[in-house]
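> Got a structure for you, written out below as structure tokens; questions coming shortly.
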Amino acid sequence: MYVAVKGGEAAIANAHRLLADRRRGDRSVPALRLDQIVEQLALGVDRVMSEGSLYDRELAALAIVQARGDMIEAIFLVRAYRTTLPRFGYTRAIDTGAMLVERRVSATYKDLPGGQLLGPTFDYTHRLLDPELATGGAVEEPLQRSGEAEAMPRVSAILAREGLIEPDGDMLGDYVPGDITREPLEFPMARDIRLQALSRGDEGFLLALGYSTQRGYARNHPFVGEVRIGEVELELDVPELPFAVPLGSIRVTECQMVNQFRGSAKAPPQFTRGYGLVFGQSERKAMAMALCDRALRATELGEDVVAAAQDEEFVISHSDNVQATGFVEHLKLPHYVDFQAELDLVRRMRAEYEARENTGKAEENREAAE
Amino acid sequence: MRGQEASEQAERKAVMATLAQSSGDDIVRLWDEAGLPSEAELLRGPETGLVTVRGRIGGGGAPFNVGEATVTRATVRLASGQVGHCYSLGRDREKARLAAIADALWQDPARRGEIKAKIVAPLQAALAEARDKRRAETAATKVDFFTMVRGED
Chain X
2 MYVAVKGGEA AIANAHRLLA DRRRGDRSVP ALRLDQIVEQ LALGVDRVMS EGSLYDRELA
62 ALAIVQARGD MIEAIFLVRA YRTTLPRFGY TRAIDTGAML VERRVSATYK DLPGGQLLGP
122 TFDYTHRLLD PELATGGAVE EPLQRSGEAE AMPRVSAILA REGLIEPDGD MLGDYVPGDI
182 TREPLEFPMA RDIRLQALSR GDEGFLLALG YSTQRGYARN HPFVGEVRIG EVELELDVPE
242 LPFAVPLGSI RVTECQMVNQ FRGSAKAPPQ FTRGYGLVFG QSERKAMAMA LCDRALRATE
302 LGEDVVAAAQ DEEFVISHSD NVQATGFVEH LKLPHYVDFQ AELDLVRRMR AEYEARENTG
362 KAEENREAAE
Chain C
3 MRGQEASEQA ERKAVMATLA QSSGDDIVRL WDEAGLPSEA ELLRGPETGL VTVRGRIGGG
63 GAPFNVGEAT VTRATVRLAS GQVGHCYSLG RDREKARLAA IADALWQDPA RRGEIKAKIV
123 APLQAALAEA RDKRRAETAA TKVDFFTMVR GED
């Protein structure tokens, strides 16, 4: 018999108080300030902004502290906070060609206009732990090189001049971009909606799927046409002003992946593309997103859907780590009634099984006796 | 007249852009130094909300929604009647309020010069300096390729 119970209020309150204590840790160690996290754990902050789908550094830093550094928990907190705010509208589309570039590399062209700018990269470091960071020594100012700012057109524009690459993805007529924060996911989905889901998708999940395409599951021969990181300006159309109001700048990472394509009866041979665009500085995520975007265009490009990375419903349904963690982690919450029901069922089945066994044995015995 | 109106709008937009790009601390500091009136009737806000940031597929194709950003807005009216607006990334309410007052004061021909000289120009200079520094630091990481001579001449 099941008897409804309630309880645990005191335990929960005490657990949360204990959590607050453990989060603070040893009181003789100075407490972290949010500006320290924003400045010194900037890429962690960027990940929380990207997957939390909310550009606000201080909030992301607060979430990281509150979550004790658990990134998915921090992303969850940011997503929950988002739902409490009203919406003022959709910005005008950003122009990554006009970006104030802080890093820009191309693996396809050595001498592209604007050049290869390494920026603050981990590439070419030896990945040796630096004991000096533990002692907090002084850090040199970066070097500067003066000169006229060069225009930095997107690399896709260079290939486009020869007609050897497909154009930027267009939608038909007066298509209004879909919004997964407003409408439930429906499959198959348009590429713009897919990109919105991928942009806030879990970095690890997209990285693994991108990697799988390189290892032969939906191989599509990617080149990094370009990765660029930097600040772009935002503008918003509002009814009270006769012009788009400037909001300030955000940092984004963009990846133009260039992929091979044999051509078809309808299309001449040309390069195809995958696109990645994420908040903050995260080229791993932008590249993984671009690989997944390209793989998910299999049907559109007449390719056989043979691998996980090409399966839109599989990829998009499982890319959101807040949904994923919610469903996985709910398993630890009380399931006493469900389990009681299963327990009763197994007991009954076991009883039936044993009864059958016993009957069988009795019959065997009888036969043997006869 | 039409051209003048357009250039006036462009200038107002540039002023709003400068205020939006600048930090709240800088605006408050300059405001205090300038001794400008910091009171105005609040018609709306300051209030924080979200905008959905849009990108373009492939960089220049059809728009898609990337994610949200926090924005704080304020609308004020001066005693002289001008209505000023501010929309600015982040959650700095005092910045939004002062920037809206700055927008209103800029619309007052008697105050425009003062706002430009004491608030907008120093902010613009600081932003330009920061931008130039960032560009120069990035430029120092530019790869200069050189050709290796191989084999005998």
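Residue numbers (the numbering used here), protein chains in the order written: chain X, 2 to 371; chain C, 3 to 155.
All C-beta atoms in this analysis are idealised placements derived from N, C-alpha and C, irrespective of residue type, glycine included.
On a Cα-Cα basis, can you pick out the residue from C:Glu70, C:Ala130, C:Ala104 and C:Ala119 that is closest to Phe89 (chain X)?
As a position in the first sequence, residue 89 (chain X) is number 88, starting the count at 1. When only C-alpha atoms are compared, the closest one is C:Glu70.
> Report yes if the C-beta distance between Tyr82 (chain X) and Ala64 (chain X) is below 9 Å; otherwise report no.
For the purposes of this step, residue 82 (chain X) is identified with residue 81 of the first sequence, where counting begins at 1. For the purposes of this step, residue 64 (chain X) is identified with residue 63 of the first sequence, where counting begins at 1. Yes, the Cβ-Cβ distance between Tyr82 (chain X) and Ala64 (chain X) is below 9 Å.
> Assign Ala245 (chain X) to one of three DSSP states: helix, strand, or coil.
The sequence position of residue 245 (chain X) within the first sequence is 244, counting from 1. It is coil, neither helix nor strand.
> Do the CB positions of Gly275 (chain X) and Val253 (chain X) come within less than 9 Å of each other?
Position 274 of the first sequence, counted from the first residue, corresponds to residue 275 (chain X). Position 252 of the first sequence, counted from the first residue, corresponds to residue 253 (chain X). No; because the gap between Cβ atoms is not below 9 Å, this pair is not in contact.
> Taking any Cβ of chain X, which residues in the segment 57-68 of chain C have a Cβ under 9 Å from it, in chain order?
Cβ proximity to chain X below 9 Å picks out Gly57, Arg58, Ile59, Gly60, Gly61, Gly62, Gly63, Ala64, Pro65, Phe66, Asn67 and Val68 from the segment 57-68 of chain C.
> Can you give the Cα-Cα distance for Leu237 (chain X) and Gly51 (chain C), rounded to whole angstroms?
For the purposes of this step, residue 237 (chain X) is taken as residue 236 along the first sequence, with counting starting at 1. For the purposes of this step, residue 51 (chain C) is taken as residue 49 along the second sequence, with counting starting at 1. About 13 Å.
> Considering only C-alpha positions, which residue in the set C:Arg99, C:Arg95, C:Gln6 and C:Gly86 is nearest to Ala106 (chain C)?
In the second sequence, the residue the question calls residue 106 (chain C) occupies position 104. With distances taken between Cα atoms, Ala106 (chain C) lies closest to C:Gly86.
> Among residues of its own chain, excluding the 5 on either side of Ser213 (chain X), which ones have a beta-carbon nearer than 8 Å to its beta-carbon?
Here residue 213 (chain X) refers to the residue found at position 212 of the first sequence. Cβ within range, chain order: Ala219, Ala308, Ala309 and Ala310.
> Along the alpha helix (DSSP H) that carries Tyr176 (chain X), what are the first and last residues, could you check?
Residue mapping note: residue 176 (chain X) aligns to position 175 of the first sequence, counting from 1. Element bounds for Tyr176 (chain X): n/a, residue is neither H nor E.
> So if DSSP puts Arg105 (chain X) in a beta bridge, which residue, or which two residues, is it bridged to?
Along the first sequence, read from residue 1 onward, the residue named residue 105 (chain X) stands at position 104. Arg105 (chain X) is bridged to X:Leu118 and X:Arg229.
> Below 7 Å on C-beta distance, what does Thr149 (chain C) contact in chain X?
Here residue 149 (chain C) refers to the residue found at position 147 of the second sequence. In chain order: nothing, as chain X lies at least about 11 Å away.
> Take Leu44 (chain X) and list the residues in its own chain whose beta-carbon comes closer than 8 Å to its own, dropping the five residues that flank it on each side.
Start at 1 with the first residue of the first sequence, and residue 44 (chain X) comes out as number 43. Contacts found: Gly281, Gln282 and Ser283.
> Can you give me the start and stop residues for the beta strand (DSSP E) that Thr136 (chain X) sits inside?
Mapped onto the first sequence, residue 136 (chain X) falls at position 135. Not the beta strand (DSSP E): Thr136 (chain X) falls in the alpha helix (DSSP H), residues Pro132 to Thr136.
> Cβ atoms of Gly277 (chain X) and Ser200 (chain X): under 9 Å apart, would you say?
Against the first sequence, residue 200 (chain X) aligns to sequence position 199. Against the first sequence, residue 277 (chain X) aligns to sequence position 276. Taking 9 Å as the Cβ cut-off, Ser200 (chain X) and Gly277 (chain X) qualify as a contacting pair.
> Is Leu126 (chain X) helix, strand or coil when you go by DSSP?
What you label residue 126 (chain X) is simply residue 125 of the first sequence in a count that begins at 1. The residue you asked about is not Leu; residue 126 (chain X) is Thr in the sequence shown. Thr126 (chain X) sits in coil when the DSSP states are folded into three classes, being neither helix nor strand.
> Gly51 (chain C) versus chain X: which residues are under 7 Å apart at the beta carbon?
What you label residue 51 (chain C) is simply residue 49 of the second sequence in a count that begins at 1. The answer, in chain order, is Leu86, Pro87, Arg88 and Phe89.
> The segment 71-98 of chain C: which residues have C-beta closer than 9 Å to a C-beta of chain X, in chain order?
For the segment 71-98 of chain C, the set of positions with a beta-carbon nearer than 9 Å to some beta-carbon of chain X reads Ala71, Thr72, Val73, Arg75, Thr77, Val85, His87, Cys88, Tyr89, Ser90, Leu91, Gly92 and Arg93 in chain order.
> Could you tell me which chain C residues have their CB closer than 8 Å to the CB of Asp193 (chain X), listed as they occur along the chain?
What you label residue 193 (chain X) is simply residue 192 of the first sequence in a count that begins at 1. Residues of chain C passing the Cβ test: Ile59, Ala64, Pro65, Phe66 and Asn67.
> Identify every run of the beta strand (DSSP E) within the segment 29-93 of chain C, keeping only runs that are complete inside it and at least 3 residues long; order them along the chain.
43-58, 65-79 and 85-91
> Gly47 (chain C) to Thr182 (chain X), Cα distance in whole Å?
Stepping through the second sequence from its first residue, residue 47 (chain C) is reached at position 45. Stepping through the first sequence from its first residue, residue 182 (chain X) is reached at position 181. Taking the straight line from one Cα to the other gives about 25 Å.
> Would you please verify whether the beta carbon of Arg133 (chain C) is less than 9 Å from any beta carbon of chain X?
Sequence index remark: in the second sequence, residue 133 (chain C) carries index 131 (1-based). Interface residue, yes.
> Can we say the segment 90-100 of chain C touches the segment 64-80 of chain C, given the rule of at least three CB pairs closer than 8 Å?
When Cβ pairs closer than 8 Å are counted between the two stretches, the segment 90-100 of chain C is seen to touch the segment 64-80 of chain C, the count reaching three or more.
> So the candidates are X:Met290, X:Leu346, X:Ala342 and X:Met258; which of them puts its Cα closest to the Cα of Leu208 (chain X)?
Translated into the one-based positions of the first sequence, residue 208 (chain X) becomes position 207. Considering only alpha carbons, the answer is X:Met290.
> Between which residues of its own chain and Ala22 (chain C) is the CB-CB distance below 6 Å, once the five residues before and five after are set aside?
Counting from one through the second sequence, the residue named residue 22 (chain C) turns up at place 20. The residues are Ser90.
> Quick one, which of X:Gly53, X:Thr273, X:Thr92 and X:Pro87 has its alpha-carbon nearest Leu165 (chain X)'s?
On the first sequence, residue 165 (chain X) is found 164 positions in, with the first residue counted as 1. The candidate whose alpha carbon is nearest that of Leu165 (chain X) is X:Thr273.
> Going by the CB atoms, is the gap between Gln197 (chain X) and Gly174 (chain X) shorter than 9 Å?
In the first sequence, the residue the question calls residue 174 (chain X) occupies position 173. In the first sequence, the residue the question calls residue 197 (chain X) occupies position 196. Not a contact, by the Cβ cut-off of 9 Å.
> Within 10 angstroms of the Cβ of Thr149 (chain C), are there 16 or more other Cβ atoms? Answer buried if so, exposed if not.
In the second sequence, residue 149 (chain C) corresponds to position 147, counting from 1. Burial call: exposed.
> Got a sec: is the Cβ-Cβ distance from Arg93 (chain X) to anything in chain C below 9 Å?
Mapped onto the first sequence, residue 93 (chain X) falls at position 92. With respect to chain C, the C-beta atom of Arg93 (chain X) has a partner C-beta closer than 9 Å.
> Distance cutoff 9 Å, beta carbons only. Does Arg14 (chain C) sit that close to anything in chain X?
If you number the second sequence from 1, residue 14 (chain C) lands on position 12. Yes, because at least one Cβ of chain X sits closer than 9 Å to the Cβ of Arg14 (chain C).
> What distance in whole Å lies between the Cβ atoms of Gln11 (chain C) and Pro243 (chain X), which are believed to be in contact at a cut-off of 8 Å?
What you label residue 243 (chain X) is simply residue 242 of the first sequence in a count that begins at 1. What you label residue 11 (chain C) is simply residue 9 of the second sequence in a count that begins at 1. Yes, Pro243 (chain X) and Gln11 (chain C) are in contact; Cβ-Cβ is about 6 Å, under 8 Å.
> Please classify Tyr56 (chain X) as buried or exposed, where buried requires at least 16 neighbouring CB atoms within 10 angstroms.
Numbered from its first residue, the first sequence carries residue 56 (chain X) at position 55. Its Cβ being crowded by 16 or more others within 10 Å, Tyr56 (chain X) is buried.
> So Val233 (chain X) and Ile251 (chain X) are in contact, right, with Cβ under 8 Å, and what is the actual spacing, rounded?
The count along the first sequence starts at 1 and reaches residue 233 (chain X) at position 232. The count along the first sequence starts at 1 and reaches residue 251 (chain X) at position 250. Yes, they are in contact, since the Cβ atoms of Val233 (chain X) and Ile251 (chain X) sit about 6 Å apart, within 8 Å.
> Where does the unbroken alpha helix (DSSP H) through Gly205 (chain X) begin, and where does it stop?
The residue you call residue 205 (chain X) lines up with position 204 of the first sequence. First-last of the alpha helix (DSSP H) with Gly205 (chain X): Glu204 to Gln215.
> With burial defined as no fewer than 16 other Cβ atoms inside 10 Å of the residue's Cβ, what is the status of Pro65 (chain C): buried or exposed?
The sequence position of residue 65 (chain C) within the second sequence is 63, counting from 1. So Pro65 (chain C) counts as buried.
> Flag this pair as yes or no: are the beta carbons of Val79 (chain X) and Met50 (chain X) separated by less than 9 Å?
Within the first sequence, residue 79 (chain X) is the residue found at index 78, counting from 1. Within the first sequence, residue 50 (chain X) is the residue found at index 49, counting from 1. Result yes, Cβ atoms of Val79 (chain X) and Met50 (chain X) sit closer than 9 Å.
> Quick one: is Arg137 (chain C) near chain X, going by C-beta distance under 9 Å?
Working through the second sequence from its first residue, we reach residue 137 (chain C) at position 135. Yes - at least one Cβ of chain X is within 9 Å of the one on Arg137 (chain C).
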